[in-house]
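One line per chain: the protein sequences are A and B, in this order. The working numbering applies: residue 551 is where the first sequence begins, and numbers increase by one. The working numbering applies: residue 2 is where the second sequence begins, and numbers increase by one. For glycine and all other residues, C-beta sits at the position ideal for the given N, C-alpha and C. Here's the structure we're looking at; comments come further down.
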Amino acid sequence: DVKVTQSSRYLVKRTGEKVFLECVQDMDHENMFWYRQDPGLGLRLIYFSYDVKMKEKGDIPEGYSVSREKKERFSLILESASTNQTSMYLCASSSLASQYYEQYFGPGTRLTVT
Amino acid sequence: AQKVTQAQTEISVVEKEDVTLDCVYETRDTTYYLFWYKQPPSGELVFLIRRNSFDEQNEISGRYSWNFQKSTSSFNFTITASQVVDSAVYFCALITGSSNTGKLIFGQGTTLQVKP
């Protein structure tokens, strides 16, 4: 079974703090994704990566950066957390070898910025 | 442009009722894949089904069934004899064959509440 894990289920941070959200997958997938989920807005793509050290902006990259130093790990960084970044963050991975590109998701991190 | 629309924001039914979740998609590609995911209260999105654009056969899996109609660009999901455990947010998603990054386009989600 594909397993995608995220470092924390719940996180509370203060405005201005630097926040790291970690995601690890164990299936040697090339693609990894970070989404945020907000009520009424569905899932919005923040960044994705299709290879080590490669990254591309998604639909809402402002205020975020990412790092992919190893194939299995994809980190989302909030350089200076703000209250409007309070949200559910979901990580996913997929394989280019799969013609369907279905994504496998982690359990999510619910981040609160106070 | 590619887009997925789930017009139903919230649906509430009583246990054992049948319920259909609507999904309408837009794409100009002739090759594409459609997905349904379930997100229970625990938060993790669970993959339910995929369908490619060349296969319009409907599919049934237990109480779940999916109706794919290219003529109306719809990929609707029906739960028969709903149960409380079906309460979740359901997402429809699209990826086109021209994508080389596996980027999924999600609908806004439909929250289903099944009351006992």
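- Glu652(A) reaches chain B at Phe36, Phe48, Arg51, counting residues in chain order whose Cβ is nearer than 7 Å.
- Judged by pairs of C-beta atoms under 8 Å, the stretch 616-625 of chain A does not touch the stretch 5-15 of chain B, as fewer than three such pairs exist.
- Straight-line spacing of the CA atoms in Phe92(B) and Pro42(B) works out to 14 Å.
- Annotation: the continuous beta strand (DSSP E) that includes Ser617(A) extends over 615-620.
- The residues Glu27, in chain order, have a CB closer than 7 Å to that of Ala2(B) in the same chain once the five nearest residues on each side in sequence are set aside.
- Excluding five sequence positions before and after Met582(A), the CB atoms of its chain that fall closer than 6 Å to its own CB belong to Ser599, Phe624, Ser643, given in chain order.
- Scanning chain B for C-beta atoms nearer than 9 Å to the C-beta of Leu628(A) yields nothing, as the closest lies near 19 Å away.
- In this structure, Ala631(A) is the residue among Arg660(A), Asp601(A), Ala631(A), Arg559(A) with its C-alpha nearest to the C-alpha of Gly566(A).
- When Cβ-Cβ separations below 8 Å define contact, Ile12(B) makes no contact with chain A.
- Under the 8 Å criterion on CB atoms, Gly566(A) is classed as non-interfacial with respect to chain B.
- The C-alpha of Cys641(A) lies about 28 Å from the C-alpha of Thr21(B).
- Arg564(A) and Val663(A) have their alpha carbons spaced roughly 5 Å apart.
- By the beta-carbon neighbour count (other beta carbons within 10 angstroms, threshold 16), Gly590(A) is exposed.
- In the structure shown, Lys607(A) adopts extended strand secondary structure according to DSSP, grouped into three states.
- According to DSSP, residue pairing for Cys641(A) in a beta bridge involves Trp584(A).
- DSSP places Lys71(B) within a helical segment (H, G or I) once states are collapsed to three.
- Contact check for Glu652(A) and Arg51(B): beta-carbon distance about 6 Å, within the 8 Å limit, so the pair qualifies.
- Cβ-Cβ distances below 8 Å link Val14(B) to Val20, Ser83, Leu113, Gln114, Val115, Lys116 in the same chain, with the five nearest sequence neighbours on each side left out; the list follows chain order.
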